[in-house]
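Reading through the structure tokens given below for one structure.
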Amino acid sequence: MAETIKNFINGKWVDAKSGDTFETRMPAKWNEVLAVVAKSDKEDVDEAVKAAKKAFKKWKKVPVAKRGELLGKVGDIMVERKEELAQLMAKEMGKIISESRGDVQEGIDTAYYAFGEGRRFFGKTSPSELPNKINMTFLRPIGVAGMICPWNFPVAIPTWKMFPALLSGNTLVIKPASDTPLMVAKLFDIMIEAGIPDGVINLVNGPGSAVGNAILENPDIGVISFTGSSEVGKHIASVAGQSLKKVSLELGGKNAQIVMDDADIDLAVDGALFGAFGTAGQRCTATSRIIIHEAVHDEFVEKLKNRAEKMKIGMPWNEDTDLGPVINESALKKIHSYTEIGKKEGATLITGGEQYKEGECAGGWFYRPTIFTNVKPFSRLEQEEIFGPVLSIIKVKSFDEAIEVINDVQYGLSSCIYTKNINNAMHAVEDIDSGITYINGPTIGAECHMPFGGVKSTGNGHREGGWTVYEIYTEQKTVYIDYSGKLQKAQIDTSIEK
Ligand code: UN1
Numbered sequence: 052m053a054e055t056i057k058n059f060i061n062g063k064w065v066d067a068k069s070g071d072t073f074e075t076r077m078p079a080k081w082n083e084v085l086a087v088v089a090k091s092d093k094e095d096v097d098e099a100v101k102a103a104k105k106a107f108k109k110w111k112k113v114p115v116a117k118r119g120e121l122l123g124k125v126g127d128i129m130v131e132r133k134e135e136l137a138q139l140m141a142k143e144m145g146k147i148i149s150e151s152r153g154d155v156q157e158g159i160d161t162a163y164y165a166f167g168e169g170r171r172f173f174g175k176t177s178p179s180e181l182p183n184k185i186n187m188t189f190l191r192p193i194g195v196a197g198m199i200c201p202w203n204f205p206v207a208i209p210t211w212k213m214f215p216a217l218l219s220g221n222t223l224v225i226k227p228a229s230d231t232p233l234m235v236a237k238l239f240d241i242m243i244e245a246g247i248p249d250g251v252i253n254l255v256n257g258p259g260s261a262v263g264n265a266i267l268e269n270p271d272i273g274v275i276s277f278t279g280s281s282e283v284g285k286h287i288a289s290v291a292g293q294s295l296k297k298v299s300l301e302l303g304g305k306n307a308q309i310v311m312d313d314a315d316i317d318l319a320v321d322g323a324l325f326g327a328f329g330t331a332g333q334r335c336t337a338t339s340r341i342i343i344h345e346a347v348h349d350e351f352v353e354k355l356k357n358r359a360e361k362m363k364i365g366m367p368w369n370e371d372t373d374l375g376p377v378i379n380e381s382a383l384k385k386i387h388s389y390t391e392i393g394k395k396e397g398a399t400l401i402t403g404g405e406q407y408k409e410g411e412c413a414g415g416w417f418y419r420p421t422i423f424t425n426v427k428p429f430s431r432l433e434q435e436e437i438f439g440p441v442l443s444i445i446k447v448k449s450f451d452e453a454i455e456v457i458n459d460v461q462y463g464l465s466s467c468i469y470t471k472n473i474n475n476a477m478h479a480v481e482d483i484d485s486g487i488t489y490i491n492g493p494t495i496g497a498e499c500h501m502p503f504g505g506v507k508s509t510g511n512g513h514r515e516g517g518w519t520v521y522e523i524y525t526e527q528k529t530v531y532i533d534y535s536g537k538l539q540k541a542q543i544d545t546s547i548e549k
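As numbered in this note's numbering, residues 52 to 549 make up the sequence shown, in order.
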């Protein structure tokens, strides 16, 4: 039986005003309809924003420690329901079950981090340049936050956006990805159960063209958070710029793993397999390129190919499955188009390169783990984000050449280097143009309490995660307190009393 997913506006589950709906299906079994979802448009968004704007007046007055306690409770309920959420995610998004559990865990971690922040929502104090005067800052919420979410982390990413926004005292309107509305609806059930007041959290389902754009254009939304492609990110920044909204963008990646001649090759192969084929390559942080020293190229490639070919492709909810489906047919077609592009560009396809249709996998969108060698820098295969289980291997002669190749792309999210040489490792930290660099670990696996984001076309300078996400959802208030009892003029009263 398909679930029905409504919108949640002003404390009530409601249909889209138009009464329209759309269906979601399982990536692993496309014949099965999983949910019938409210298909909303501008009218629904505007009503949600109205409710959020009204609720903001009260919510911002709830002490931040109390808001934190509510989010702690959200975390507790998520712990209780972790397995149920993970099983549902494997169905809805197709993520293999161990990684689905990890996705929910990342949401739990984010809730508990916000809980802690509720007791240390610090401003700064500073002495004044004048006597008998002190200066300080406070953090204030912005107002209504608009959130537009991707499907690849159906729990973690919505929590990265919602929990810090709520802790900071904002109310919100969120649009889940059209492929994964069920997980966000379940998160809403949990937040309602925890006692988040009516109007504070609002959920509007529907296509980006209608719901997303209505969020961008609504004048009462003060801050927008978006995770998705760089192309859509540019559109968002330009529309939201018209009303001077604050915008936080987490966009594309073309992440690479460098493997040096002194690396532990088995460890580097482990990292590449997890980084490239974990979540079927559908992470912003996925390893899309291996940049490898020629001295260890052949050994690495042989080991990687063997391991990739042994990966068990299957239903994502089975414990022994290594690789699940990709999200939908158009994703599969896009991924396959890069196999064709790679062949035309003269790269060597050593394994994969086709849809996997054996047994019950025939009913879903499965793609074999795909590896190309002899990939040339500046080819499309090497430059463009694919968002699937396709890995390009580029041979280099030196560390310096590896750094040049890794940086010669428009993106800069994650990166890693496998080496035993501390000097190489530290030069990589300094010289790779990316927001994240791992030493002797894969490009995926960011932890919720650390800043997350990238440079160049990967974003616009904000960082989700950690303490930095709170900068997105707050404004600074600077306060000067003069206890001299007389008019003191900054910049003018400069003499020192003798
Ligand atoms: C993403 O793909 O946008 O670092 C997020 C990781 C995960 C988060 C990825 N913790 O791979």
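Note that CB positions come from ideal geometry on N, CA and C, so glycine has one too.
Distances from the alpha-carbon of Gly496 to those of Ala116, Leu85, Ala137 and Gly153 put Gly153 closest. In the DSSP annotation of this structure, the continuous segment of the beta strand (DSSP E) that includes His344 starts and ends at Thr338 to His344. Assigned with DSSP and collapsed to three states, Tyr524 falls in coil, not helix or strand.
Residue burial annotation: Met366 is buried, with at least 16 other C-beta atoms found within 10 angstroms of its C-beta. Distance from the CA of Ala79 to the CA of Arg419, rounded to the nearest whole angstrom, comes to 14 Å. The alpha-carbon separation between Pro270 and Ile60 amounts to approximately 18 Å. Per the coordinates, the alpha-carbon of Asp373 lies some 12 Å from the alpha-carbon of Gly332.
Secondary structure at Gly463: strand, using DSSP grouped into helix, strand and coil. DSSP lists Cys467 as the bridge partner or partners of Tyr489. Pro182 has its alpha-carbon roughly 43 Å from the corresponding atom of Val251. Between Thr176 and Gln527, the alpha-carbon positions lie close to 12 Å from each other.
The beta carbon of Gly326 sits closer than 7 Å to the beta carbons of Gln308, Ala337, Thr338, Pro493, Thr494 and Ile495 from its chain, once the five residues preceding and following it are set aside; these are given in chain order.
Between Thr161 and Phe214, the beta carbon gap of about 5 Å places them in contact (Cβ cut-off 8 Å). The Cβ atoms of Leu254 and Ala236 sit closer than 8 Å to each other. Assignment of Trp64 by DSSP, reduced to helix, strand and coil, places it in the strand class.
In this structure, Ile275 lies near Val298, with their beta-carbon atoms less than 8 Å apart. When secondary structure is reduced to three states using DSSP, Glu301 falls in the strand class.
Taking C-alpha positions only, Leu122 is separated from Tyr389 by approximately 42 Å. Residue environment analysis places Pro192 among the buried positions, since at least 16 neighbouring C-beta atoms fall within 10 angstroms of its C-beta. It is roughly 15 Å from the alpha-carbon of Thr402 to the alpha-carbon of Ile392. According to the DSSP assignment, Ile272 belongs to no alpha helix (DSSP H) but to the beta strand (DSSP E) extending over Ile272 to Thr278.
In the three-state scheme derived from DSSP, where H, G and I count as helix and E and B as strand, Asn82 is classed as strand.
Linking Gly167 to Ala196 through their CA atoms gives a straight-line distance of about 21 Å. Val115 places its beta carbon 8 Å or farther from that of Leu267. Per DSSP, Leu223 is one residue of the beta strand (DSSP E) stretching across Thr222 to Lys226.
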